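Sequences listed follow chains C and A, in order.
Just so we're aligned: the first sequence equals residues 1 to 157 in this note's numbering.
Just so we're aligned: the second sequence equals residues 1 to 157 in this note's numbering.
We treat Cβ as the ideally placed atom computed from N, Cα and C, and that holds for glycine.
The structure presented is a predicted model; accordingly, all values stated were derived computationally and were not measured.
Structure, as structure tokens:
2 protein chains.
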Amino acid sequence: MNDASRYLRQAIELARANVEAGGRPFGAVVVNNGEVIASAVNEMHLSHDVTDHAELLAIRAAARIHGPEALEGSAVYASGHPCPMCLAAMRLAGVGTVAFAYSNEDGAPFNLSTADIYAELKRPFAEQSMAISHMPVERESGQSLYEQWVRARDGRR
Amino acid sequence: MNDASRYLRQAIELARANVEAGGRPFGAVVVNNGEVIASAVNEMHLSHDVTDHAELLAIRAAARIHGPEALEGSAVYASGHPCPMCLAAMRLAGVGTVAFAYSNEDGAPFNLSTADIYAELKRPFAEQSMAISHMPVERESGQSLYEQWVRARDGRR
Numbered sequence: 001m002n003d004a005s006r007y008l009r010q011a012i013e014l015a016r017a018n019v020e021a022g023g024r025p026f027g028a029v030v031v032n033n034g035e036v037i038a039s040a041v042n043e044m045h046l047s048h049d050v051t052d053h054a055e056l057l058a059i060r061a062a063a064r065i066h067g068p069e070a071l072e073g074s075a076v077y078a079s080g081h082p083c084p085m086c087l088a089a090m091r092l093a094g095v096g097t098v099a100f101a102y103s104n105e106d107g108a109p110f111n112l113s114t115a116d117i118y119a120e121l122k123r124p125f126a127e128q129s130m131a132i133s134h135m136p137v138e139r140e141s142g143q144s145l146y147e148q149w150v151r152a153r154d155g156r157r
Numbered sequence: 001m002n003d004a005s006r007y008l009r010q011a012i013e014l015a016r017a018n019v020e021a022g023g024r025p026f027g028a029v030v031v032n033n034g035e036v037i038a039s040a041v042n043e044m045h046l047s048h049d050v051t052d053h054a055e056l057l058a059i060r061a062a063a064r065i066h067g068p069e070a071l072e073g074s075a076v077y078a079s080g081h082p083c084p085m086c087l088a089a090m091r092l093a094g095v096g097t098v099a100f101a102y103s104n105e106d107g108a109p110f111n112l113s114t115a116d117i118y119a120e121l122k123r124p125f126a127e128q129s130m131a132i133s134h135m136p137v138e139r140e141s142g143q144s145l146y147e148q149w150v151r152a153r154d155g156r157r
């Protein structure tokens, strides 16, 4: 069995144990330089927070335990197709490689697919189900928020 | 000043205070039924976790304090253009309305735009900078992970 298969099976084992514990069927491991640096399961059954996905929690744990550098170029192995939130989190964190075992197609019959959310988030803001608006309430009123940030940052240097 | 402007200014005030405290210029408030149910600022300067965005933390706080129902149909007011991770988190949580004051265009000169991440995540997996692969390691090997979940769930009913 190659390394990728081994880590994927580890993510699936976490997911299966989570199911036995009353949770949802998702697990993830983060690997860097051949070592598992963090792992997590979906914790929605505990926190009732819909953002408590295995991949997001694994990334957050890796950053806290090892610092953000440990995520640069790391690999995430997820039991299921990562949702857009988790995929974007991986991209923000500099994850280099992502593999998943169960696809959105596998999940669809069980209502475990996020394909519709992917499709929606690809649409322009005006066509999404959420009403998303840009309201520049501070335009033309002194120092912009971002200018304030740059000056504060440069002042600390 | 209408309600939306007021909440946006509140998010901006949080962002400005975060800048003064050494953080990044982002704040967010979650409103439901005319009440602020949670708020947060970007905490990357404290945690060094790149997923500690104001909007994600505000949603996580709202879910923990008030339960997931409180987010259904809620409104998120963010000082800056939400990134794809936060936008997907809002979508997962059932947020109904999103408004932001500073756009990605405003942020671009300060390297505070996530427009490139939006563009990348809209591409097919094969064309993204992360290597994303589907490896069905458990195909044809007994009860699928998702079947196990359905049976466990139905067994508890």
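Q. For the stretch 13 to 35 of chain A, which residues have a beta carbon sitting closer than 8 Å to at least one beta carbon of chain C?
A. Ala15, Arg16, Val19, Glu20, Gly22, Arg24, Pro25
Q. So what does DSSP say about Glu107 of chain A, is it helix, strand or coil?
A. It is worth fixing the name first, because residue 107 of chain A is Gly in this sequence and not Glu. When DSSP states are grouped into helix, strand and coil, Gly107 of chain A belongs to the helix group.
(Q) Are the CB atoms of Arg9 of chain A and Asn18 of chain A within a distance shorter than 9 Å? (A) In this structure, Arg9 of chain A does not lie closer than 9 Å to Asn18 of chain A by Cβ.
Q. Can you tell me whether DSSP reads His45 of chain C as helix, strand or coil?
A. helix
Q.
Helix, strand or coil for His66 of chain C? Go by DSSP, reduced to three states.
A. Collapsing the DSSP output to three states places His66 of chain C in a helix.
Q) Would you say Ile117 of chain C reaches chain A, if we count a Cβ-Cβ gap shorter than 9 Å as a contact? A) By this cut-off, Ile117 of chain C is an interface position.
Q) What is the C-beta distance between Ser79 of chain A and Ala15 of chain A, in whole angstroms, given that I count them as a contact (C-beta under 8 Å)? A) Yes, they are in contact, since the Cβ atoms of Ser79 of chain A and Ala15 of chain A sit about 4 Å apart, within 8 Å.
(Q) Looking at the secondary structure, which residues open and close the alpha helix (DSSP H) in which Val158 of chain C lies? (A) Past the edges of chain C, shown from 1 to 157, lies residue 158 of chain C, and the structure says nothing about it.
(Q) According to DSSP, is Glu72 of chain A part of a helix, a strand, or is it coil? (A) coil
Q. Considering only residues of the same chain and omitting the five flanking positions on each side of Ile37 of chain C, which have a CB-CB separation below 6 Å?
A. Val30, Ala62, His66, Ala70
Q.
Along the chain, where does the alpha helix (DSSP H) containing Val19 of chain A start, and where does it finish?
A. 3 to 20
Q.
Our contact map puts Leu121 of chain A next to Ala126 of chain C with C-beta atoms below 8 Å; I'd like the distance itself, whole angstroms only.
A. No, Leu121 of chain A and Ala126 of chain C are not in contact; Cβ-Cβ is about 18 Å, not under 8 Å.
**Q.** Boundaries (first-last residue) of the alpha helix (DSSP H) holding Gly155 of chain A
**A.** 145 to 156
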